[in-house]
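Before any comments, here is the structure.
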Amino acid sequence: MERVNHSVSSEFVFLGLTNSWDIQLLLLVFSSVLYMASTMGNCLIIFTVASDHRLHSPMYFLLSILSFTDVGISSVTSPKMMYDLFKKHKVISFSGCVIQIFFIHAIGGVEMVLLMAMAFDRYVAICKPLHYLTIMSLKTCIFFLITALVVGLMHSVMQLAFIVNLPLCGPNILDNFFCDLPQFIKLACIDTYRLELLVSINSGFMSIGSFIILLISYIVIIFTVLKHSSSGSYKALSTLLAHVTVVVLFFGPAIFLYTWPSSFTHLDKFLALFDVVVTPFLNPMIYTLRNQEMKIAIRRIFSQLMGYRKSS
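Here the sequence shown stands for residues 1 to 312, where the numbers follow UniProt numbering.
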């Protein structure tokens, strides 16, 4: 009987987002366009920051790393989801499922630390401008990057520790379009209440804590900006609003999904879709549309490329 159970759990079946073929076709077009646009947009930000020396500053360094993580989080889930929209029987292997869970939480942990690093960068730039270059040095940026990677890996390994010895004895159906802990745990043939509580503490309350810290930090920074009436202050406020928008887009769905994992509904699927498909598309749009320096740098690169093509 045990052998049968293990063979059943060697692969998992996704129920997907909907059973309607018309809606699936619409979702395929929607997700394909957003995935390509987000990948191109984030890669454009990375290329622009790397190639324009005027953008070689801590803020843009952190922004380029954030864009890299956005490409990663969408690439872990979107290609598989789009491929499954063509199929009636949507399956994923056990190893593929574990890999998805690992990278989703590793990249999520990295992005969480990066957003906090970006908040600290804005705090120093606005509240301690004379000491900005001293505090936000290259060593500080590398420290933030290494910390983000370590936190992301530790968070992901802790999540995998919850499921590595989890007894799976069927069914093997996941009511989602990608593998994640809340639905995976439900497949266990033991009482999972304590395990779900640990997941909520590890992911949900970790997200809530980070979000509250970031929210308080940005409120303090915004009040500091509003005390000054110079044009530079309004420019800083515009940048801050972009950062706050990205923070809300990232943490909002994550808090909802992982704080109450036991009540998974169609709303949760929509929020998950928003988190892995829409948010990586919106992030480059927010940063480029609200950042004059970035828009000028992108125009400069395009004009240089066009000039190079004409000369060749």
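For glycine and all other residues, C-beta sits at the position ideal for the given N, C-alpha and C.
Mind checking residue i: buried by the 16 CB within 10 Å criterion, or exposed?
i	result
Val150	exposed
Thr134	exposed
Met136	buried
His105	buried
His243	buried
His6	Low confidence applies here, because His6 scores a pLDDT of 42, under 50, leaving its location unreliable; read the following figure in that light. With fewer than 16 Cβ atoms within 10 Å of its Cβ, His6 is classed as exposed.
Asp22	exposed
Val110	buried
His155	buried
Arg122	buried
Pro182	buried
Tyr60	buried
Cys189	exposed
Would you kindly work out how many angstroms separate the C-alpha atoms of residue i and residue j, rounded to a whole number?
i	j	result
Tyr258	Val49	34 Å
Ile185	Asp191	10 Å
Val276	Leu174	17 Å
Leu25	Thr279	21 Å
Phe47	Ala37	15 Å
Phe256	Leu305	44 Å
Ser31	Phe94	25 Å
Met82	His131	48 Å
Ser210	Val113	9 Å
Phe86	Ala254	28 Å
Leu187	Leu153	25 Å
Where does the unbroken alpha helix (DSSP H) through residue i begin, and where does it stop?
i	result
Ile126	Phe94 to Cys127
Asn42	Trp21 to Ser51
Asn283	Thr279 to Leu289
Met205	Reading the sequence as shown, one finds Phe at residue 205 and not Met. Start and end: Phe205 to Leu226.
Arg54	That residue, Arg54, is in no alpha helix (DSSP H); it is neither H nor E in DSSP.
For my contact list, residue i and residue j are in at a C-beta cut-off of 8 Å; report their separation, rounded to the angstrom.
i	j	result
Ile65	Leu145	6 Å
Gly41	Met285	7 Å
Can you check DSSP and say which residues form a bridge with residue i?
i	result
Leu187	DSSP, once it has assigned bridges, lists no residue as partnering Leu187.
Lys80	According to DSSP, Lys80 bridges with nothing at all.
Phe12	Ile92
Ile173	Val13
Pro168	A quick correction: the sequence has Leu, not Pro, at residue 168. Answer is Ala188.
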